[in-house]
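Report on the structure given below.
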Amino acid sequence: MSNRRRIVLALVVLVCLLFAGRWTAALLVDRWWAATISPAAARFVTRYHLQRFGLEASRILLTCIWFTLNLFVVYRAIGSVQVPRQVANLEIREALTPRLLVLGTMIVGAAAGIAVGAGASDWWTPAVLAWSGAPYHETESILGHDIGVYVAQLPFWELLQGYAFLLCLLAVSSVLILYLLIGSVRWLDGRPAISDHARSHLGVLLGFVALSLAWGHLLEPYEIVARLHGPIDDGLLGLRITVAAVLTGLALAAAVLSALWALRPKHLVGAMGWLIFAITSLVGHQVLPALGGGAGPPELELEERRRLEAVAYGLTALQDSVYRGSPHALPLPAPPALWHDSLVKRIAATDSTQALAAERAKIGIGGRPRPVWLVVRAAGSGPASLVALADDRTGVLGSALSYREADTVAYPQTVSRLDLPLHAVRPGAPEYVVDTLMHGVAVGGWPHRLLLAWGLQAAQLLGHLPRDAHVVWNLSPEDPLTLLAPFAEWRSFKPRLIGRRLVWLADGYLISPLFPVASRMLWGGRGVGAIEAAFVGVVDAETGATNVYLRRSADALAESWVAVGDSIIKPSSALPAEVELALTY
11 MSNRRRIVLA LVVLVCLLFA GRWTAALLVD RWWAATISPA AARFVTRYHL
61 QRFGLEASRI LLTCIWFTLN LFVVYRAIGS VQVPRQVANL EIREALTPRL
111 LVLGTMIVGA AAGIAVGAGA SDWWTPAVLA WSGAPYHETE SILGHDIGVY
161 VAQLPFWELL QGYAFLLCLL AVSSVLILYL LIGSVRWLDG RPAISDHARS
211 HLGVLLGFVA LSLAWGHLLE PYEIVARLHG PIDDGLLGLR ITVAAVLTGL
261 ALAAAVLSAL WALRPKHLVG AMGWLIFAIT SLVGHQVLPA LGGGAGPPEL
311 ELEERRRLEA VAYGLTALQD SVYRGSPHAL PLPAPPALWH DSLVKRIAAT
361 DSTQALAAER AKIGIGGRPR PVWLVVRAAG SGPASLVALA DDRTGVLGSA
411 LSYREADTVA YPQTVSRLDL PLHAVRPGAP EYVVDTLMHG VAVGGWPHRL
461 LLAWGLQAAQ LLGHLPRDAH VVWNLSPEDP LTLLAPFAEW RSFKPRLIGR
511 RLVWLADGYL ISPLFPVASR MLWGGRGVGA IEAAFVGVVD AETGATNVYL
561 RRSADALAES WVAVGDSIIK PSSALPAEVE LALTY
């Protein structure tokens with residue numbers, strides 16, 4: 011083996027070790043943090059990382075094999091490749107050996123596979139949900155399928171179909187360009203000409219493209235019911251489903267004709283299959299809907315939509331009723347807020363601190379619940395404090411009042427009610443905190459310290475530290491919840507005083523991209539079919555202890571994630587009463 015090859019091999023091995031080491035360090039760091047929460051959290055986080063890695067590695071491997079095989083077929087059509095080489099003052103052309111061509115083919119195929127195949131770890135949520143399923147035991151009346159088919163299975167089917175179509179399209183385009191470069195496809199005597207080798211290869215690839223299109227049209231009726239193609243028009247529903255079935259058949263026919271073209275040079279036969287498919291698709295998707303639309307949904311479909319929209323958006327517990335009691339028996343409305351959040355933040359901030367979060371709440375003052383604004387403020391990355399501003403009274407000149415801990419008197423200054431340690435969970439917290447307090451994960455010996463520094467990207471851990479040093483991370487309120495329940499979108503982080511402790515409460519939403527019949531809406535700039543506030547997240551600001559609870563109104567989708575979560579999601583009956591009272595709508 012030449013020195014050049016040894017260097018290349020050593021560089022490849024080094025890059026692989028760096029990627030493997032970085033992934034291993036990230037896995038261990040998350041696992042060590044989760045172990046401080048519970049053994050079940052450590053198991054789930056480990057499985058989460060391994061499953062994401064499995065998805066990533068599988069798609070990259072399959073994509074590398076796909077591109078390498080296609081490039082190798084093109085290589086078989088090449089007689090020889092010559093490259094210019096300078097010798098003294100002469101330029102000669104040297105033919106590359108077959109071994110170098112094969113090696114180049116493998117390198118290019120692997121590079122293309124990594125570039126296109128990377129990112130499969132983002133498929134974790136739909137892949138796991140499709141595997142576990144989410145049976146609602148309720149069906150839609152158009153195709154008669156369970157709602158769970160649209161919520162759990164259909165999104166992953168669409169991902170697979172879209173990726174298969176992308177691979178086929180990239181293979182056809184790249185292979186065609188290569189055949190044009192080597193002259194296997196060219197313009198000869200005013201007519202296009204193609205070699206038998208190139209025709210067979212392109213014919214097989216076009217067959218795969220047709221099969222991926224047939225797969226897409228096979229899913230089209232489900233997408234229609236999920237309103238992915240717009241509102242369900244009663245006059246067009248049957249037409250759209252029929253067109254999808256016809257196009258599925260024509261795509262399969264185009265695949266067969268492409269395979270026949272690969273075997274025999276029947277150019278007209280292969281072209282006619284694709285031409286008929288393209289014309290039918292244009293007429294079926296554009297012309298016929300324009301001519302036959304406008305009937306609108308019947309009343310039965312409107313009732314069906316109302317029923318399924320209640321399931322999709324968590325409105326099943328709502329009931330229409332008429333109040334028939336005396337108006338004098340109505341409870342008095344709550345007093346309006348004296349302040350608003352932006353003004354409260356300005357009041358609570360000082361020259362050296364800034365307000366990070368402000369929310370209305372109630373706390374016990376003298377045995378009575380009093381409305382206050384809870385404001386978390388901090389000086390940069392230093393320790394934080396909590397201020398409780400009265401929301402139902404002011405000072406003599408209209409100034410804000412605040413409450414101290416264990417004191418019923420309201421003070422005219424913004425005094426701190428609770429001082430938080432440096433490692434407290436709060437917005438704007440540092441990436442990590444190293445301290446000698448027995449809190450977090452012990453830095454330990456050099457192997458453990460090196461993995462922590464690599465996983466956290468914390469060079470400070472490689473310096474001189476006390477023997478009892480500990481490191482704490484995941485200090486932003488959304489970080490621990492996102493790690494423990496990555497299948498939910500966490501929003502509305504609110505500070506609350508539970509007893510004498512500051513906790514962060516958050517809503518965990520389950521977002522379904524597809525849902526049958528129900529109207530679609532925009533969420534975070536994207537169209538979704540269903541939204542459910544399924545979980546409650548509780549993060550202790552001082553200790554970082556994190557708990558995820560199931561809401562009482564959770565449906566089948568949330569129950570499926572509870573089964574996946576391996577006991578990290580606690581039942582709604584375990585939600586502490588004081589936390590439940592502090593929840594907002």
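Under our numbering, think of the first position of the sequence shown as 11, with each following residue one higher.
No residue lacks a Cβ here, since even glycine has one placed at the ideal position from N, Cα and C.
As the structure is a computational prediction, the values presented were derived from the model and not from experiment.
Does residue i get closer than 8 Å to chain B when you measure Cβ to Cβ?
i: D199; result: No chain B is part of this structure, which consists of one protein chain only.
Helix, strand or coil for residue i? Go by DSSP, reduced to three states.
i: F503; result: strand
i: T363; result: coil
i: I289; result: helix
i: V321; result: helix
i: T252; result: helix
i: S412; result: strand
i: E552; result: coil
i: D40; result: helix
i: V235; result: helix
i: R536; result: strand
i: T149; result: strand
i: A400; result: strand
i: D351; result: helix
i: A420; result: strand
i: D243; result: coil
i: L328; result: coil
i: L624; result: A question about residue 624 goes unanswered here, because the residues of the chain that appear run from 11 up to 595.
i: V138; result: helix
i: T258; result: helix
i: L223; result: helix
i: P9; result: What is shown of the chain runs 11 to 595, which leaves residue 9 out entirely.
i: G405; result: coil
i: R334; result: coil
i: R356; result: helix
Between residue i and residue j, what straight-line distance do the alpha-carbon atoms span, to the nearest angstrom?
i: G450; j: V549; result: 15 Å
i: Q171; j: W225; result: 7 Å
i: V385; j: L312; result: 46 Å
i: L212; j: P231; result: 30 Å
i: I357; j: D243; result: 55 Å
i: P557; j: I579; result: Checking the displayed sequence, the identity of residue 557 turns out to be Asn instead of Pro. If you take the alpha carbons of N557 and I579, they lie about 7 Å apart.
i: A67; j: A120; result: 12 Å
i: S205; j: C74; result: 26 Å
i: V397; j: Y413; result: 8 Å
i: F525; j: A322; result: 7 Å
i: V279; j: D132; result: 41 Å
i: D156; j: A261; result: 28 Å
i: Q61; j: W134; result: 7 Å
i: V118; j: D565; result: 48 Å
i: P581; j: L560; result: 5 Å
i: K276; j: L191; result: 24 Å
i: N593; j: V382; result: Note on identity: in this sequence residue 593 is Leu, with Asn being the wrong assignment. Whole-angstrom Cα-Cα distance: 15 Å.
i: A51; j: S577; result: 8 Å
i: R436; j: S331; result: 42 Å
i: P476; j: P490; result: 27 Å
i: T258; j: P505; result: 54 Å
i: A265; j: L186; result: 18 Å
i: S502; j: W533; result: 14 Å
i: H227; j: I286; result: 15 Å
Please name the residue or residues paired with residue i in a DSSP beta bridge.
i: K580; result: Y559
i: S395; result: R387, D429
i: K372; result: P381
i: A543; result: Y519
i: M116; result: DSSP lists no partner for M116.
i: M531; result: V538
i: D156; result: T149
* Asked: Which parts of the stretch 162–218 are runs of the alpha helix (DSSP H), unbroken and 4 residues or longer, counting only runs that do not cross its ends?
  -> 164–192
* To do: At 4 residues or longer, and completely inside the stretch 477–525: list those alpha helix (DSSP H) runs for me, N to C.
  => List check, alpha helix (DSSP H) in window: 488–494.
* Asked: Where are the alpha helix (DSSP H) runs, 4 residues long or more, that stay fully inside the stretch 425–472, in chain order?
  -> 456–466
* Pair every Cβ in the stretch 477–486 with every Cβ in the stretch 428–441, then say whether three or more of these pairs are closer than 8 Å. => yes
* Does the stretch 185–204 come within contact of the stretch 153–163, defined as at least 3 CB pairs closer than 8 Å? -> no
* Can you give, in chain order, each stretch of the alpha helix (DSSP H) that sits fully within the stretch 22–89 and has at least 4 residues? -> 49–86
* Asked: Does the pairing of the stretch 570–579 with the stretch 492–510 give three or more beta-carbon distances under 8 Å?
  -> Contact between the stretch 570–579 and the stretch 492–510 is present: three or more C-beta pairs spanning the two stretches fall below 8 Å.
* Is the stretch 537–555 in contact with the stretch 511–527, if contact means three or more CB pairs nearer than 8 Å? -> yes
* **At least 3 beta-carbon pairs within less than 8 Å: the stretch 171–182 vs the stretch 37–47** => no
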